[in-house]
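Novice: Residue numbers (mature numbering (1 follows the signal peptide of the UniProt record, and there is no 0)): -15 to -1, 1 to 114. Next up is a structure, given as structure tokens.
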């Protein structure tokens, strides 16, 4: 029993020490943009957040503009939720790479595989590889 408690406490300690890898989060339902990295708020502008329907499945589209003259090397992934706010895709998608050239505007999009999805969230972070 002592080992079990020690393992659980160790897991909490490790989780508390982890850093937030997301530079920003975009909530498609409320159209809120949350910047966890203040430098990213100066370098990247979220122009538009749209949810459409494609063959009965929700599609999230986000338009991004690079405010810098240099390239931004980013990673992003989508999360999908139903009307009650519960995550519907049981397997989290892989990080996808996006390079936005200086002063360029690009759109990222994804169609949910689950027809119950109605809302999305996108995480975007710098590619540190």
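Glycine is no exception: its CB is placed at the ideal position from the N, C-alpha and C atoms.
#1: Taking the continuous alpha helix (DSSP H) assigned at residue 55, which residues delimit it?
#2: Can the beta-carbon of residue 33 be found closer than 9 Å to that of residue 18?
#3: So residue 97 and residue 42 are supposed to be a Cβ contact under 8 Å. How far apart are they, rounded?
#4: Taking the beta strand (DSSP E) that residue 91 belongs to, which residues open and close that run?
#5: Could you pull out every residue in the same chain whose Cβ sits closer than 6 Å to the Cβ of residue 105, ignoring the five residues on either side in sequence?
#6: Who are residue 42's beta bridge partners in DSSP?
#7: DSSP state of residue 62, grouped into three classes?
#8: Going along the chain, which residues of its own chain have a beta-carbon closer than 6 Å to the beta-carbon of residue 30, five neighbours each way excluded?
#9: Does residue 86 come out as helix, strand or coil in the three-state DSSP assignment?
#10: Going by CA-CA distance only, name the one from 100, 114 and 108 that's closest to residue 38.
#11: What's the gap between the Cα of residue 111 and the Cα of residue 21?
#12: By the three-class DSSP mapping on this structure, what secondary structure does residue 100 have?
#13: Residue 15 to residue 54, Cα distance in whole Å?
Specialist: To lay it out plainly:
#1: First-last for residue 55: undefined, no H or E at that position.
#2: No, Cβ-Cβ distance for residue 33 and residue 18 is not below 9 Å.
#3: The Cβ separation is near 5 Å, so the contact holds.
#4: Segment 90 to 96, the beta strand (DSSP E) holding residue 91.
#5: Hits under 6 Å: 13, 45, 63 and 65.
#6: 39.
#7: Shown here, residue 62 sits in a strand according to DSSP, grouped into three states.
#8: These residues qualify, in order along the chain: 50 and 52.
#9: In this structure, residue 86 counts as coil in the three-state DSSP scheme.
#10: The shortest C-alpha separation from residue 38 is found at 100.
#11: Between residue 111 and residue 21, the C-alpha separation is close to 12 Å.
#12: In the structure shown, residue 100 falls within a coil segment according to DSSP collapsed to helix, strand and coil.
#13: C-alpha separation (whole angstroms): 30 Å.
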